[in-house]
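Before any comments, here is the structure.
Protein chains: 2
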Amino acid sequence: MDGVHLLGEWYGCPAETPEFTRADALRKLCLDVARAAGLTVVGDAFHQFVPQGVTGTVLLAESHLAIHTWPEYGFVTVDVYVCNLATDNSAKAERLFRALESALKPQRARFQTIHRGGKDE
Amino acid sequence: MDGVHLLGEWYGCPAETPEFTRADALRKLCLDVARAAGLTVVGDAFHQFVPQGVTGTVLLAESHLAIHTWPEYGFVTVDVYVCNLATDNSAKAERLFRALESALKPQRARFQTIHRGGKDE
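Line order of the protein sequences matches chains H and A.
Sequential numbering of the first sequence, starting at 1044, is according to my numbering.
Sequential numbering of the second sequence, starting at 1044, is according to my numbering.
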């Protein structure tokens, strides 16, 4: 099952962004940008940490999005993983990833792409 | 935010394993082994595909577990990501990963470990 997994580490995210600190705001953003990217949402779970921080995942028909925020460090990690069962979803994954990055505005970022699955040899 | 991310691709998983095909069984397994590994569950979402296949995530205080099954190909992908905020959770992540592997019994596997986060340079 061929697929692509985008991994981001975002530093220096502005503390005043509501999506960075509040689970309800981050959930809405993730669902909105996943659908706008053309991906199919089949479930989600978000958790608000106290005093701060959010962790959440969106289940996609194409695989998943996972995001974790640490407002005390200005830090976020993001995973967007899509499989390419019926069609190549790589461009949709990239669109989702970049939409989240635009919303959370990291000053510095690390990024890597991993190929998942492939032939059973 | 230092962390470790374990990625598995499992091939040749036996079709008769209930956890491989049924969302309720896979959810119970994931929650049980996450807790048994000493990790803290803060939420979850699982989805049953029709006619087959399951996708699910468990939110952890330490980050997340994500799993996708494709019974028609005998194939599973697994992600276990833990951050090491207060303590090194790497051994717990490894324990969780190996418990899932024991349950789903792949005949062949690929495995990689990725370091997440680290210093903001």
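Backbone N, C-alpha and C fix where the C-beta goes; we use that ideal spot for every residue, glycine too.
- Shown in chain order are the members of the segment 1089 to 1108 of chain H whose Cβ falls below 9 Å from a Cβ of chain A: F1089, H1090, F1092, T1098, G1099, T1100, V1101, L1102, L1103, A1104, S1106, H1107.
- For H/D1075, the nearest beta carbon of chain A is not closer than 7 Å to its own beta carbon.
- When secondary structure is reduced to three states using DSSP, H/L1050 falls in the strand class.
- At a cut-off of 7 Å between beta-carbon atoms, A/E1144 makes no contact with chain H.
- Residue-level contact check: A/R1159 touches chain H, since one or more beta carbons of chain H fall below 7 Å from its beta carbon.
- Against chain A, the CB of H/D1087 has a partner CB under 7 Å away; the residue lies at that interface.
- Counting only Cβ-Cβ distances below 9 Å, H/L1147 has no contacts in chain A at all, with the closest Cβ about 15 Å away.
- Taking a beta-carbon distance threshold of 7 Å, H/T1120 counts as an interface residue toward chain A.
- By the beta-carbon neighbour count (other beta carbons within 10 angstroms, threshold 16), H/H1158 is exposed.
- With distances taken between CA atoms, H/R1151 lies nearest to H/P1057 out of H/P1057, H/H1048, H/L1049.
- When the five nearest sequence neighbours on each side are left out, the beta carbons in the same chain lying within less than 8 Å of the beta carbon of A/G1055 are those of G1117, P1149, Q1150, R1151, in order along the chain.
- A direct Cα-to-Cα measurement between A/E1059 and A/Q1095 gives close to 12 Å.
- When the beta-carbon positions are compared, A/A1066 and A/V1093 stay at least 7 Å from each other.
- Comparing C-alpha distances from A/A1077 to each of A/T1156, A/R1153, A/E1137 shows the shortest one belongs to A/E1137.
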